[in-house]
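Position 41 (the sequence shown) corresponds to 97 in this note's numbering; numbering is contiguous.
Even for Gly, the Cβ is constructed at its ideal location relative to N, Cα and C.
Step one of this worksheet: look at the structure below.
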Amino acid sequence: MTECRLLTGKVALVTEAAAGIGEAVALYFAQDQAKVMVLDKDGDPAQQVVGHIQNPGGDAILAEADLRDAAAVSRAIDLTLRATARSTSWSTMPGCTRARALWK
Ligand SMILES: NC(=O)c1ccc[n+]([C@@H]2O[C@H](COP(=O)([O-])OP(=O)(O)OC[C@H]3O[C@@H](n4cnc5c(N)ncnc54)[C@H](O)[C@@H]3O)[C@@H](O)[C@H]2O)c1
Numbered sequence: 057m058t059e060c061r062l063l064t065g066k067v068a069l070v071t072e073a074a075a076g077i078g079e080a081v082a083l084y085f086a087q088d089q090a091k092v093m094v095l096d097k098d099g100d101p102a103q104q105v106v107g108h109i110q111n112p113g114g115d116a117i118l119a120e121a122d123l124r125d126a127a128a129v130s131r132a133i134d135l136t137l138r139a140t141a142r143s144t145s146w147s148t149m150p151g152c153t154r155a156r157a158l159w160k
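This is the structure in structure tokens:
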């Protein structure tokens with residue numbers, strides 16, 4: 057069967073990615089060949105998720121930020137945009153309203 061890698065070459069900024077739903081989304085996107093920006097306020101567990109992606113050969117970068125901190129989120133977005141010409145996927149749990157405002 058032919059594999060379908062819809063996220064190959066794309067960058068995904070996944071918020072709350074150190075645990076739970078966000079971690080599952082980050083691992084799933086990485087499995088689908090995306091470069092994953094692992095955003096979470098807790099750097100150590102987020103770094104572990106980065107390691108879980110990188111160890112089998114995936115591509116991930118830590119983007120430590122508290123979603124309540126507009127400047128930190130803005131820095132994470134800048135990091136994501138520097139990782140590629142354009143962020144082509146966005147996954148977020150809460151904090152979406154503020155993050156969306158930053159895109160304007
Ligand atoms: N689990 C569910 O059934 C469910 C259902 C509906 C909504 N939600 C919402 O989805 C989100 C994720 O749920 P979960 O069960 O995966 O949670 P979880 O507690 O397993 O993981 C949450 C992650 O988000 C990070 N986080 C929390 N606040 C943050 C902030 N301000 N900035 C950056 N990172 C932050 C934490 O450090 C943690 O790594 C939660 O907001 C939850 O309320 C969950």
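Buried or exposed by the 16-neighbour rule on C-beta atoms within 10 Å, applied to residue i
i    : result
D64  : Before going on, a small fix: residue 64 reads as Thr here, not Asp. T64 is exposed by the Cβ-count criterion.
I133 : buried
L62  : exposed
A127 : exposed
A68  : buried
Three-state secondary structure (DSSP) of residue i
i    : result
A119 : strand
T71  : coil
Same chain only: Cβ atoms within 7 Å of residue i, ignoring 5 sequence neighbours per side
i    : result
R131 : A121
G76  : none
Expected contact under 8 Å - CB spacing of residue i and residue j to nearest Å
i   : j    : result
A74 : P112 : Not a contact, Cβ separation roughly 19 Å.
L83 : H108 : 7 Å
Spatial neighbours of residue i in its chain, beta-carbon cut-off 6 Å, leaving aside the 5 residues before and after
i    : result
L118 : V94, A102, Q103 and V106
Secondary structure, beta strand (DSSP E): runs of 3+ residues fully inside the region 87-131 | 91-96 and 115-120
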